Every structure is written in structure tokens, then in C-alpha cells.
Amino acid sequence: QGQLFEDLKASLTGPTTMAHTTAIAAVEASNRCGAAAIIVITTSGASSQLISRHRPRCPIFTVTRHAQTARQCNLFRGVHPLYYGEPRTEEWDVDVDRRIHYALDYGRKANYLHTGDFVIIVTGWKAGSGSTNTLRVYRIEDGESKPIIAVPSITTFND
Numbered sequence: 001q002g003q004l005f006e007d008l009k010a011s012l013t014g015p016t017t018m019a020h021t022t023a024i025a026a027v028e029a030s031n032r033c034g035a036a037a038i039i040v041i042t043t044s045g046a047s048s049q050l051i052s053r054h055r056p057r058c059p060i061f062t063v064t065r066h067a068q069t070a071r072q073c074n075l076f077r078g079v080h081p082l083y084y085g086e087p088r089t090e091e092w093d094v095d096v097d098r099r100i101h102y103a104l105d106y107g108r109k110a111n112y113l114h115t116g117d118f119v120i121i122v123t124g125w126k127a128g129s130g131s132t133n134t135l136r137v138y139r140i141e142d143g144e145s146k147p148i149i150a151v152p153s154i155t156t157f158n159d
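First residue of the sequence shown? That's 1 in the UniProt record's numbering, and the numbers climb one at a time after it.
In C-alpha cells:
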């Protein structure tokens with residue numbers, strides 16, 4: 001399967017888009033760290049399709065607020081579409097954190113994810129389609145939900 005990924009990467013010619021580059025990086029990171037899953041926060045499903053095209057070894061949990069996008073993502077290899085119907089929050093980063101935790105909860109309940117596993121999280125830098133450019137490697141911890149994307153307020157720096 002690793003050879004297939006390398007062949008797919010080699011077949012790309014010229015510069016790639018920001019989303020495509022992020023998709024390749026997500027698959028590469030998942031292979032290198034042995035991630036249990038890739039979590040994609042998406043509006044249109046395009047990021048999930050790009051990641052799926054490179055055939056990662058782990059499942060792809062796609063979280064979307066759009067039922068049609070969730071249905072369409074069923075067509076992509078290895079994608080588990082998750083429709084997230086909760087109301088939006090005021091802060092975008094808090095809302096993204098909630099959607100990530102929604103995917104983590106699904107993965108635990110479906111027995112894909114366990115404490116200590118790595119997951120790759122793919123998001124955009126802002127709300128809406130066309131902004132996918134952020135990748136985070138996250139280790140699943142026990143206990144209560146801690147912020148993943150949202151940054152708690154920093155009162156002092158110890159540099």
C-alpha cells in the first residue's frame with residue numbers, strides 16, 4: 001500500500017493546490033506515525049475526496065454540517081461521513097473543537113480509536129470551502145475534552 005501512495009505522489013505533475021498538498025501531507029503523516037484515523041472537518045467534502053484518493057491505511061472520519069456532503073462522502077474509499085447537526089458557536093475555533101471531539105467520540109464508540117492512539121486532524125484556516133491548509137497530529141488522551149484547535153488564554157510567557 002505504501003508503494004501505491006508513492007506511485008500516486010510521483011504521478012502528480014507541477015505544483016499542487018493548497019488542499020491537495022495538505023491531503024498528501026495528511027496521508028504521509030498518518031503512515032509515518034501509524035495514525036489510527038484521519039479526521040477531516042469539511043464543508044464540501046473535497047478535502048476528504050483528495051485524502052481518500054491517496055489511499056491512507058487508516059479510516060477517514062469526515063465531519064460536516066451538510067447532509068448532502070455526508071451522503072456524497074459515502075462514495076469515497078475509507079471515508080466515514082459524520083453529519084454534525086449541533087448549533088454553531090460564536091467562536092469558530094471552539095466550534096471546530098466540538099466537531100473534532102464528535103469524531104473522536106464516534107471513533108471510540110466504533111472501536112477504531114483508543115487512548116494513546118495518534119490521529120491526524122485536517123481543517124481549514126477559516127470557515128467555508130477552499131481554506132483547507134492545516135494539519136495537526138494529535139495523541140488521544142483519557143479524561144475530559146480539552147481544546148485541540150482553540151488556544152486557551154495565555155497570561156504569561158516563560159521564554
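Beta carbons: idealized from backbone N, C-alpha and C, even for Gly. Computed from a predicted model, the values in this text were never measured in an experiment.
- The alpha-carbon separation between His101 and Val63 amounts to approximately 10 angstroms.
- By alpha-carbon distance to Pro147, the top candidate from Ile120, Arg98, Leu135 is Arg98.
- Beta-bridge analysis with DSSP links Phe76 to no other residue.
- Here the C-alpha atom of Ile149 lies approximately 26 angstroms from the C-alpha atom of Thr16.
- The continuous stretches of beta strand (DSSP E) do not include Asn111, and DSSP gives it neither H nor E.
- Per the C-alpha coordinates, the member of Thr123, Tyr83, Asn74, Pro59 positioned closest to Tyr112 is Pro59.
- Gly45 is a Cβ neighbour of Cys73, given a cutoff of 9 angstroms.
- Runs of the alpha helix (DSSP H) lying entirely within the segment 14-39 and spanning at least 4 residues, in chain order: 18-33.
- For Ile140, the closest of Ala103, Gln49, Ile51 by C-alpha to C-alpha distance is Ala103.
- In its chain, beyond the 5 residues on either side, Ala46, Ser47, Leu50, Gly130, Thr132, Asn133 have a beta carbon closer than 8 angstroms to the beta carbon of Ala19.
- Take Asp105, set aside five residues on each side of it, and no residue of its chain has a beta-carbon closer than 7 angstroms to its own.
- Residue pairing from DSSP places Gly124 in a beta bridge opposite Thr132.
- Close CB contacts of Arg88 within its chain, under the 7 angstroms cut and outside five residues either way in sequence, are with Asp95 (chain order).
- Shortest Cα-Cα distance from Ala23 to any of Val40, Arg32, Ala36 involves Val40.
- When rounded, the separation of the alpha-carbon atoms in Ala37 and Val27 is 10 angstroms.
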